[in-house]
Every structure is written in C-alpha cells, then in structure tokens.
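Here is the structure we will look at.
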Amino acid sequence: MPKDAERAYLAKLGAQGVDHSINKPFSDPACGVQLAAIGFIMRLLPAPPARLLDLGCGGGWTSIFYARHGYAVTGQDIAPDMIAVARDNARINGVEGHADFVCGDFEQLDLDEQYDAAIFFDSLHHADDEGLAIRSAWRALKPGGILITHEPGEGHSQSAESVEAMARFGVNERDMPPHLIIARGKEAGFTGFRILPMPSLLYSTFYQQRDYSGRWLSKRRWKMLSRAARMIFSPDTREGSVVVLTK
Numbered sequence: 001m002p003k004d005a006e007r008a009y010l011a012k013l014g015a016q017g018v019d020h021s022i023n024k025p026f027s028d029p030a031c032g033v034q035l036a037a038i039g040f041i042m043r044l045l046p047a048p049p050a051r052l053l054d055l056g057c058g059g060g061w062t063s064i065f066y067a068r069h070g071y072a073v074t075g076q077d078i079a080p081d082m083i084a085v086a087r088d089n090a091r092i093n094g095v096e097g098h099a100d101f102v103c104g105d106f107e108q109l110d111l112d113e114q115y116d117a118a119i120f121f122d123s124l125h126h127a128d129d130e131g132l133a134i135r136s137a138w139r140a141l142k143p144g145g146i147l148i149t150h151e152p153g154e155g156h157s158q159s160a161e162s163v164e165a166m167a168r169f170g171v172n173e174r175d176m177p178p179h180l181i182i183a184r185g186k187e188a189g190f191t192g193f194r195i196l197p198m199p200s201l202l203y204s205t206f207y208q209q210r211d212y213s214g215r216w217l218s219k220r221r222w223k224m225l226s227r228a229a230r231m232i233f234s235p236d237t238r239e240g241s242v243v244v245l246t247k
C-alpha cells in the first residue's frame, strides 16, 4: 500500500537518503529553484511569528527554513524515521525552540483551528485521497487562515522519474493540478482561491539560457509567458502551480 511505502521510503534509500534529507535543498540538483520557491512561499505567508503547519515535511528542510525566519512551525510526516531526521535537522540548525514535529497521516489529523497557515510543499501529490488531506488542513487552520500548495500538474504521474519512483518504492506520484486542488478546497469549506506560476516555470521562461536568435519575445518564450498568464487567470489550468486557499 502507498502509505506503507511512504513509511518505508527512507529505509529503502539507506544512509545516502538520510544524508540527502539532512542537507536538502543543497543536496538537490534543483537547489536554486527550490530556494526561490520557498522564498516566494514565505512572501505569501502571514508575518512571523505566525503558527505554520508544514504537511508532509519529510526530513524537515522546509520547516527549518520557516523556523529560521521566525515562524512557530509544526512539521508533520507519516514516516517515523523521517520525523527523527527532521528533529535532528532542527537540532543541527538550532531551531528546536521554533520547530516541533509530529508523526501521523495528513489525511487524518486532529489539529482544530491551531494554525495561521498550512503548506503542502511537493507532498499533496503523494496522498491517497487529496480531499481528506485538504480537509485536515482546513480543520487545522484558524478562521481566515490560508493553505498554500506547491504541486505538480497534469503529466507528472507519467514522467520517467515518477514511473521509476512508483515502481521502485511503491509510493503515489499523482497529478495534482490547481483545478483539482480548488475543487477539493471548495468541498472542504475554503472560500478564497488564487493560482500563481511555479518558480520553476519562471526560471525556464526568464532565467534558463536558450538560443532565442537574438529575439527577446521569441515564439518559444511567448508560449511560456502565455502559460504563466493562463495560470493566473484560468481556474481550470492543468499546469503545476502554487495555489493559495483562504478559510
């Protein structure tokens, strides 16, 4: 079952996986884009020392960044060994007073109205039932609180990397486009919705070096700009996006 596979994920990776988790995002080839993403998310959050719920936090690198910025963070993950890594990570980074961690299933949390904001950072697409996970987040938020998701869009489950992960580890690698997140958010009780481009799309549009034959608005770049615009103005976009939901 995928939940059992999530619990066993780090054990299958071994010592190399633990080292990678402790050192994220700096151990990841996409480090620069991940740093940009976490920075953009911080700009969307209420100001510190707001209380944050970091859902599916894994080894805790996102929680550490929030805590170092002054937030009071609760990181959650389904895998006990990931929570152990996250606690070590907090100790190494000197933020034990700002970050605590709980082991549990984010589809079944009982944390009523304790948090100003909740975040799924590349974790909701591992859910068995995204509706239950979003309802858990809704219950955990205070009135007026926000949920931020940073998730891949349609096509993610068919990518070579996802197919390999599902075959090797048995985990879920699902498409999680914004129209699905918003639909489940409405069912949970969220009333406000905002769609924003992924930092990875902004990188590929503006920063990645390509041959544009000396033309700033080449056909390829114009297509990328159109994709980003559709994300903001079209609630049925299929692209991976950042989605902000308000309770």
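For the sequence shown, full-length UniProt numbering gives the first residue as 1, with consecutive numbering after it.
Note that the Cβ used here is the ideal one computed from N, Cα and C, for glycine as well.
1. Exposed or buried, Ser27, counting other C-beta atoms within 10 Å across all chains shown (16 or more means buried)?
2. Taking the alpha-carbon positions, what's the Ala140 to Glu130 distance?
3. Determine the burial state of Gln76: buried for a count of at least 16 other Cβ atoms within 10 Å of its Cβ, exposed for fewer.
4. Which residue's Cα is closest to the Cα of Ile119: Phe190, Lys142 and Thr62?
5. Roughly how many angstroms lie between the CA atoms of Leu35 and Ala160, to the nearest whole one?
6. To the nearest whole angstrom, what separates the beta carbons of Asp122 and His150, a pair I think is in contact under 8 Å?
7. Just reading off the beta strand (DSSP E) that Thr74 is part of, what are its end residues?
8. Taking the straight line between their C-alpha atoms, what separation do you get for Ala79 and Ser200?
9. Have a look at Arg238 and Arg194 and give me their C-alpha separation to the nearest angstrom.
10. Within 10 angstroms of its Cβ, does Cys31 collect 16 or more other Cβ (buried), or is it exposed?
11. Between Ala137, Asp105, Met198 and Ala127, which lies nearest to Ala37 when the distance is taken from Cα to Cα?
12. Have a look at Gly104, Gly144, Glu107 and Val33 and flag the residue whose alpha-carbon is nearest the alpha-carbon of Glu113.
13. If we call anything under 8 Å between Cβ atoms a contact, is Ala50 one with Asp116?
14. Express the C-alpha separation of His20 and Ala11 in angstroms, rounding to a whole number.
15. What residue range is occupied by the uninterrupted beta strand (DSSP E) comprising Ala118?
16. Which same chain residues, not among the five before or five after Ile134, have their C-beta less than 6 Å away from its C-beta?
17. Ser136: which of Gly17, Gly104, Ala167 and His98 sits nearest, CA to CA?
The short version:
1. exposed
2. 15 Å
3. buried
4. Thr62
5. 24 Å
6. 6 Å
7. Ala72 to Asp77
8. 28 Å
9. 14 Å
10. exposed
11. Met198
12. Gly144
13. yes
14. 13 Å
15. Tyr115 to Phe121
16. Arg184, Gly185 and Ala188
17. Gly104
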